[in-house]
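> For the sequence shown, numbering that gives the first Met the number 0 gives the first residue as 0, with consecutive numbering after it.
Please see the structure below; I have some questions.
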Amino acid sequence: MNILERYHAMDYAPAPEARSEADAWLAGRDFSKSLFIAGEWRAAADEKTFDTEDPSSGKLLAKVSDASAADIETAVAAARKALPKWSAASGYERAKVLYAIGRAMQRHQRLFAVLESLDNGKPIRESRDIDVPLAIRHFIHHAGWAQSLDKEFPGRKPAGVVGQIIPWNFPLLMLAWKIAPALATGCTVVLKPAEFTPLTAILFAEICERAGVPRGVVNIVQGGPEAGAAIVNHAGIDKIAFTGSSEVGKIIRKATAGSGKKLSLELGGKSAFIVFEDADLDSAVEGLVDGIWFNQGQVCCAGSRLLVQESVADAFIAKVKTRMSRLRVGAPLDKNTDIGPLVDKTQLDRVRRLVEEGARQGAVCWQPDQDVPETGYYHLPTLATGVAPANILAQEEVFGPVLATMSFRNTEEAVELANNTRYGLAASVWSENVNLALHVAPQLKAGVVWVNGTNMFDASCGFGGYRESGFGREGGREGLEEYLASSEPHGPVIKPASAPKAAARDNGESHAIDRTAKLFIGGKQVRPDGNYSIAVLTPKGKLAGEVGLGSRKDIRDAVSAARACKAWPEATAYNRAQVLYYLAENLSGRTEDFAARISELTGASHKVAKAEVETSIERLFYYAGMADKFEGRVHQPPARTVTLALHEPVGVIGIVASDEAPLLGLISLIAPALAMGNTVVLVPSTTAPLVATDLYQVIEYSDVPSGAISIVTGHTAELAAVLAKHDDVDGLWVVAEADICARAEAESTGNLKRVWTGHGRSLDWPTAQGEAFLRRATEVKNVWVPYGD
Ligand code: NAD
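This is how it looks when you write it as structure tokens:
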């Protein structure tokens, strides 16, 4: 071949990354002692090991200690022991340790990258240029947070001992996302890497030894689901941070129900990659390559659903096919490789199965005409067209290099298709019209939206999902919240309600015209579906009145009304503020009535009851004022982009209010929810529901749109369970007995709604006000907007 022929052929010669240092590290370590507990290297208590292999060859890399419950016990004890000193260390002390970790990782950057590619199969270009630098940045970024914590989060305490469980797709990066904020906030850690990819976590533990991390502050235990479950169920752990599949996330939600453990779940996704007709199509094709073929598509936020506007669909798909034909499938350590092997044979089999099933359901699956290496778990990049919205490839997370495409006609349809998924992790929007992109972004049910870009991450920006993609954020200020103990002022333990006493015979009924309190659903007073009522008694057993006995059907109607109410979430914050002020004004006009009602139902003196009404009015005033002040932020990651951390309502929130402080307890919960634009289905106090039913008129006079607040009286335990199981409820707050709280958490797994409970305790209602409540009423969506030519 002469030079001209060579030039035209433009063939790539292999460009392998050297692996000698990684091989030397592998050969020089005793992997039979690879649990890092209390600053020491230990074998598993039962001396068990598991194999980790190179997915490009299937060859054994190491036999690694396999932790059992006994090892988790030791690791948790070490973390508990280390907690008091570490959490009491100054922010500066912790900052120095985080910085030292970051710097030590920098010194071994290439070794980390090669080991990651060997163990996971990801192309070296990705581990070298993306995973490892981002992981290092996470530690260095969080050094600053450690030092400024007292100023930025005054009075907050660390969550405590944290159990962290991570997946195999970004082994080192996920470790960094977990450990850096935990150390910054003064927590100690028991972290379990995924069983397919334990190596970089072992190297990281070596770094901890050298960086002066005190013994027991970071414990790394290798193992599988059994070790993971032992972490989840350990009573000595205060918080669980999990990244992995939605299936396991649901198991963990159930397992931690009622335990009081703080929980964050970063789960799967089925993210939309939306291309409008005015997009720069060539840039969008490059974006798509990063969106779905980065890390072989084994990315939680992979743009695995391409939605392209009909007018450009054919042209765009043609460009995508041409580009796919040029993707280089090959050895992970070759610097020319775009697509490496999948992590394991089981993953390859799963992807093949899903592609076959997608084709059986009518999708046309296309692959470029290429060979794959003879050994290893390779899967060619795959494009599925003709995908119906219900096709398995449009609904299931494939977690492989498979792109499902659909087309849309207009913006409305694009948003509808994008949101037609049980997940809500990320989305990309491509359009040269920034107005259109920023109009679409808030409408997408996803925690992260990239405009004209994809898969951008940074330590300063929160990352995390809505719906079955989990809850909680990782990164930046939002991520730190997850590692701080909750700040709501606790009240007394709520005792189980005693059996209702029979109404005294002489109940002192007046001869006023009988008024039966109905339910309040969709802005109307309606009879309960079952047409039953329950008696409301005074503390002396006299009949104070009757309220409707709400049922499953009534809750369903109330949730439908809340979902259908668009006027409230779409109102401006200023508008919501005015309605809340008006509610306060109208309530103040009825101060004496409400005080009398509270006295009647609780036995409180007139003075105490009046004080409760007055504090409730003040609370409405506070949240009215905050409606347009609890705003998002702008992050400035080290790239040419601004990231808008927008505050959005959670959606439909079910609220189960306490018996204690029947008016103030209720207002303290519904006011922040409403202020942030949520619609509310309220189950009021069981013992004093007439306080809530008396509010109907106040609500009716205050310009609250129909469906923004619905009130269903009845038995708390029963109605709380219905709300917990309802898949169209996005958030649930419960202040009730411990077992009702635990059930609400356990039964919320259908759609993984965000549940907050008092864990069987009431709140200190006079002081239960502030940003903690507004935060709980808010989802943070990070919208990345790149700039520059
Ligand atoms: P997985 O849920 O099977 O495993 C994740 C981790 O959980 C592993 O360490 C595993 O050992 C452990 N585990 C398994 N069963 C457990 C149990 N019963 N109790 C406790 N721990 C248990 O997920 P995976 O296959 O390793 O990872 C892929 C999944 O991770 C995908 O769904 C992907 O979308 C998700 N993911 C999400 C994010 C995010 O930030 N949202 C990031 C990366 C990956």
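Cβ coordinates follow ideal geometry from the N, Cα and C atoms, glycine included.
Because the structure is a prediction, the values reported are computed rather than measured.
If I'm right that V558 touches H714 with Cβ under 8 Å, what's the distance once you round it to whole angstroms?
As a working mapping, residue 558 is identified with position 559 in the sequence shown. As a working mapping, residue 714 is identified with position 715 in the sequence shown. About 18 Å separates the two Cβ atoms, so there is no contact after all.
> For I554 and V401, what's the separation of their Cα atoms in angstroms?
Residue numbering aside, residue 554 sits at position 555 when the sequence shown is read from its first letter. Residue numbering aside, residue 401 sits at position 402 when the sequence shown is read from its first letter. The straight-line gap from Cα to Cα measures roughly 40 Å.
> Do V350 and G399 count as a contact pair if the criterion is CB distance below 8 Å?
As a working mapping, residue 399 is identified with position 400 in the sequence shown. As a working mapping, residue 350 is identified with position 351 in the sequence shown. The answer is yes: Cβ separation under 8 Å.
> Here's the rule: buried if 16 or more other CB atoms are within 10 angstroms of the residue's CB, otherwise exposed. What is E411?
The residue given as residue 411 occupies position 412 in the sequence shown. Exposed, since its Cβ has fewer than 16 Cβ neighbours within 10 Å.
> Applying the 10 Å Cβ sphere with the 16-neighbour rule, what's the burial state of H605?
Stepping through the sequence shown from its first residue, residue 605 is reached at position 606. H605 is exposed by the Cβ-count criterion.
> Helix, strand or coil for F462? Go by DSSP, reduced to three states.
On the sequence shown, position 463 is the one that residue 462 refers to. Three-state DSSP puts F462 in a strand.
> Are the segment 225–236 and the segment 66–73 touching, with three or more C-beta to C-beta distances below 8 Å?
Yes, the segment 225–236 is in contact with the segment 66–73.
> Mapping DSSP to helix, strand and coil, what is F407?
Position 408 of the sequence shown, counted from the first residue, corresponds to residue 407. Residue state, collapsed to three classes: strand.
> Measuring from the CB of W167, is there a heavy atom of ligand 1 at a distance below 7 Å?
Looking up residue 167 in the sequence shown gives position 168. For ligand 1, at least one heavy atom lies less than 7 Å from the Cβ of W167.
> With R408 and E309 assumed to form a contact (beta carbons below 8 Å), what rounded beta-carbon distance in angstroms separates them?
In the sequence shown, residue 408 corresponds to position 409, counting from 1. In the sequence shown, residue 309 corresponds to position 310, counting from 1. About 5 Å; that satisfies the 8 Å criterion.
> With 16 as the cutoff for other CB atoms within 10 Å, does T777 come out buried or exposed?
Taking the sequence shown and counting its residues from 1, the one referred to as residue 777 is at position 778. That one is buried.
> Answer yes if the segment 624–637 comes into contact with the segment 570–579, meaning at least three C-beta pairs across the two stretches below 8 Å, and no otherwise.
With a cut-off of 8 Å, the segment 624–637 and the segment 570–579 count as touching, because enough Cβ pairs lie within range.
> Enumerate in chain order the residues of its own chain whose CB-to-CB distance from G507 is below 7 Å, with the five nearest sequence positions on each side excluded.
Here residue 507 corresponds to residue number 508 of the sequence shown, with the count starting at 1. Confidence at G507 is low in this model, with a pLDDT of 46, below 50, so the placement of that residue should be treated as unreliable; the coordinate-derived value is given next. Contacts found: K541.
> With DSSP collapsed to three states, give me the class of N574.
Here residue 574 refers to the residue found at position 575 of the sequence shown. If DSSP states are grouped into helix, strand and coil, N574 belongs with the helices.
> Can you give the beta carbon distance from A484 to A158, rounded, assuming they're within the 8 Å contact cut?
If you number the sequence shown from 1, residue 484 lands on position 485. If you number the sequence shown from 1, residue 158 lands on position 159. Between A158 and A484 the Cβ distance is about 5 Å, and since that is below 8 Å, they are a contact.
> Consult DSSP for A503 and reduce its assignment to one of helix, strand or coil.
Stepping through the sequence shown from its first residue, residue 503 is reached at position 504. Because the pLDDT at A503 is just 48, under 50, the model does not fix this residue reliably, and the point stays unresolved.
> Nearest CA to the CA of I36: which residue from Q105, E208 and E125?
The residue labelled residue 36 in the question sits at position 37 within the sequence shown. Ranking the options by Cα distance to I36, first place goes to E208.
> Looking only at its chain, what residues have a beta carbon closer than 6 Å to the beta carbon of I201, apart from the 5 residues adjacent to it on each side?
Numbered from its first residue, the sequence shown carries residue 201 at position 202. So the list reads S33, once near-sequence residues are dropped.
> Please state if the CB of D693 and the CB of F801 are separated by a distance shorter than 8 Å.
There is no way to answer for residue 801, as the model of the chain reaches only from 0 to 788.
> Is there at least one non-hydrogen atom of ligand 1 closer than 7 Å to the beta-carbon of C299?
Numbered from 1 along the sequence shown, position 300 holds the residue referred to as residue 299. True, at least one ligand heavy atom lies under 7 Å from that Cβ.
> Tell me which residue opens and which closes the beta strand (DSSP E) that H489 is part of.
Start at 1 with the first residue of the sequence shown, and residue 489 comes out as number 490. Taken as a continuous stretch (DSSP letters only), the beta strand (DSSP E) holding H489 covers H489 to V492.
> Using a threshold of 7 Å, is the CB atom of A193 nearer than that to any non-hydrogen atom of ligand 1?
Counting from 1 along the sequence shown, the entry for residue 193 is found at position 194. Yes; taking the cut-off as 7 Å, the Cβ of A193 has a heavy atom of ligand 1 nearer than that.
> Alpha carbon to alpha carbon, how far is A516 from S667?
Here the question's residue 516 lines up with position 517 in the sequence shown. Here the question's residue 667 lines up with position 668 in the sequence shown. Using only the alpha carbons, I get a separation of about 23 Å.
> Using a Cβ distance threshold of 8 Å, determine whether the segment 108–119 contacts the segment 145–163, with at least three qualifying pairs required.
Segments in contact, no.
> Tell me which residue opens and which closes the alpha helix (DSSP H) that H646 is part of.
For the purposes of this step, residue 646 is taken as the residue at position 647 of the sequence shown. Unbroken run through H646 is the beta strand (DSSP E), T640 to P648; no alpha helix (DSSP H).
> Determine, using beta carbons only, whether Y622 and A674 come nearer to each other than 8 Å.
To locate residue 622, count along the sequence shown from 1; it is residue 623. To locate residue 674, count along the sequence shown from 1; it is residue 675. Cβ distance < 8 Å, so Y622 and A674 count as in contact.
> Measure from the alpha carbon of G268 to the alpha carbon of each residue in A638, W783 and N418, then state which is nearest.
In the sequence shown, the residue the question calls residue 268 occupies position 269. The residue with the shortest Cα to Cα distance from G268 is N418.
> Check the C-beta distance from E431 over to A278 and give it rounded, since I have them as a contact under 8 Å.
Within the sequence shown, the letter at position 432 stands for residue 431. Within the sequence shown, the letter at position 279 stands for residue 278. The Cβ separation is near 6 Å, so the contact holds.
> With H, G and I counted as helix, E and B as strand and the rest as coil, what does DSSP make of E473?
Here residue 473 refers to the residue found at position 474 of the sequence shown. Residue state, collapsed to three classes: strand.
> What number of angstroms, rounded off, separates the C-alpha of E194 from the C-alpha of T345?
Mapped onto the sequence shown, residue 194 falls at position 195. Mapped onto the sequence shown, residue 345 falls at position 346. Those two C-alpha atoms are separated by around 13 Å.
> Straight-line CA distance for A719 to Q108?
As a first step, residue 719 must be located in the sequence shown, where it is residue number 720. As a first step, residue 108 must be located in the sequence shown, where it is residue number 109. If I take the Cα positions, the gap works out to 51 Å.
> Any heavy atom of ligand 3 inside 7 Å of the beta-carbon of F293?
Here the bound small molecules are ligand 1; ligand 3 is not part of this structure.
> Kindly list the residues whose CB is nearer than 8 Å to the CB of A254, restricted to its own chain and excluding five residues on each side of it in sequence; keep chain order.
For this step, residue 254 is matched to residue 255 along the sequence shown. Same-chain partners within the cutoff: A228, V231 and N232.
> For I2, does the count of other Cβ atoms within 10 angstroms reach 16, so buried, or fall short, so exposed?
Working through the sequence shown from its first residue, we reach residue 2 at position 3. So I2 ends up on the exposed side.
> If I'm right that V414 touches Q394 with Cβ under 8 Å, what's the distance once you round it to whole angstroms?
As a position in the sequence shown, residue 414 is number 415, starting the count at 1. As a position in the sequence shown, residue 394 is number 395, starting the count at 1. Rounded, the Cβ-Cβ distance is 18 Å, inconsistent with contact.
> I want to check one thing, is the minimum distance from the CB of V247 to the heavy atoms of ligand 1 below 7 Å?
Here residue 247 refers to the residue found at position 248 of the sequence shown. Within the cutoff, so yes.
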